[in-house]
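According to UniProt numbering, the sequence shown is numbered sequentially starting from 1. The beta carbon of each residue, even a glycine, is placed where N, CA and C say it ideally should be.
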Amino acid sequence: MSGRRAESKRRNTEALLTAAQRLFLSEGYQAVGIQSIATEAGLTIGAIYSLFGSKQALLHAVLTNLADQLQTEIRILEAEPVADAREAVTRYVRAYHQLVSTMDGWRALRLEVEALSLVLGGEEPERALVEFGAGSRTALAGLLTGRTLDGRKLGEVRAEQAAVGVSAVVRGLAVQCAVEPGVASADRWVELALAVLAAS
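Right, dumping it as structure tokens:
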């Protein structure tokens with residue numbers, strides 16, 4: 001691929017992702033048609049199919065972009081000297097709480113729930129959408145591996161088990177807080193996540 005073609009593809013991909021993210025977050029996945037996305041991006045419907053293959057694949061790309069915000073927080077935690085697993089989970093949970101407590105975070109959560117309904121409603125779940133949920137859990141497992149808990153370092157298996165539990169708790173709390181805003185403070189999120197960590 002020539003340099004100009006590659007640059008054009010990159011620009012078009014970015015334009016479609018930006019347009020889709022803005023529209024999906026403001027209106028919801030189901031309410032947005034592919035023509036609206038193409039128009040917002042200043043491109044054609046053919047560009048969506050050429051670059052992403054489907055509206056659902058574009059949704060996956062948008063969700064991946066949104067998940068990168070949490071991944072950024074995890075990378076910051078990895079770079080800082082946090083020796084203890086409890087401190088790492090505390091900071092992870094607070095970052096997650098802060099993210100979903102914003103209007104954009106709430107809208108991203110709504111979009112994730114819409115994606116989940118697509119997965120659960122389909123005869124064959126889209127692998128990409130199923131894998132979306134694994135990203136932050138895998139990153140959390142990596143963050144916990146080698147950290148100490150009660151004087152012992154967490155191995156990969158125990159770190160993965162802890163990450164599954166902690167991820168389930170924070171996602172569940174995020175959904176609950178979307179339904180009942182303010183039902184659980186960041187401190188309560190941390191308390192529950194640390195209980196799961198201790199039981200892992």
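DSSP on residue i, reduced to helix/strand/coil?
i                : result
glutamate 7      : helix
aspartate 84     : strand
threonine 13     : helix
threonine 148    : strand
glycine 135      : helix
leucine 118      : helix
phenylalanine 24 : helix
Less than 7 Å between C-beta atoms, sequence neighbours within five positions excluded: which residues of the same chain meet that for residue i?
i           : result
leucine 23  : Val32, Ser36, Ile37, Glu40
alanine 186 : Arg94, His97
Select from the options the residue whose C-alpha is nearest the C-alpha of residue i.
i           : options                      : result
valine 190  : Trp106, Ala159, Ala85        : Ala85
arginine 91 : Leu63, Ala47, Leu194         : Leu194
serine 50   : Arg75, Leu63, Thr13, Tyr29   : Thr13
leucine 145 : Leu17, Arg11, Ser117, Leu197 : With the sequence shown as reference, residue 145 is identified as threonine, and leucine is not the correct amino acid for it. Ranking Leu17, Arg11, Ser117, Leu197 by Cα distance to threonine 145 puts Leu197 first.
valine 119  : Ala57, Leu154, Arg11         : Ala57
leucine 192 : Ala174, Val170, Val179       : Val170
Have a look at the DSSP bridge pairing and note the partners of residue i.
i          : result
lysine 153 : Thr148
Please work out which residues of its chain come closer than 8 Å, Cβ to Cβ, to residue i, disregarding the five sequence neighbours upstream and downstream, and give them in chain order.
i             : result
cysteine 177  : Val100, Ser101, Val183, Ala184
glutamate 156 : Ala141, Thr145
glutamine 71  : Gly135, Ser136, Ala139
glutamine 21  : Val62, Asn65, Leu66
So, is the C-beta of residue i closer than 9 Å to a C-beta in chain D?
i              : result
tryptophan 106 : The displayed structure is made up of one protein chain only, and chain D is not part of it.
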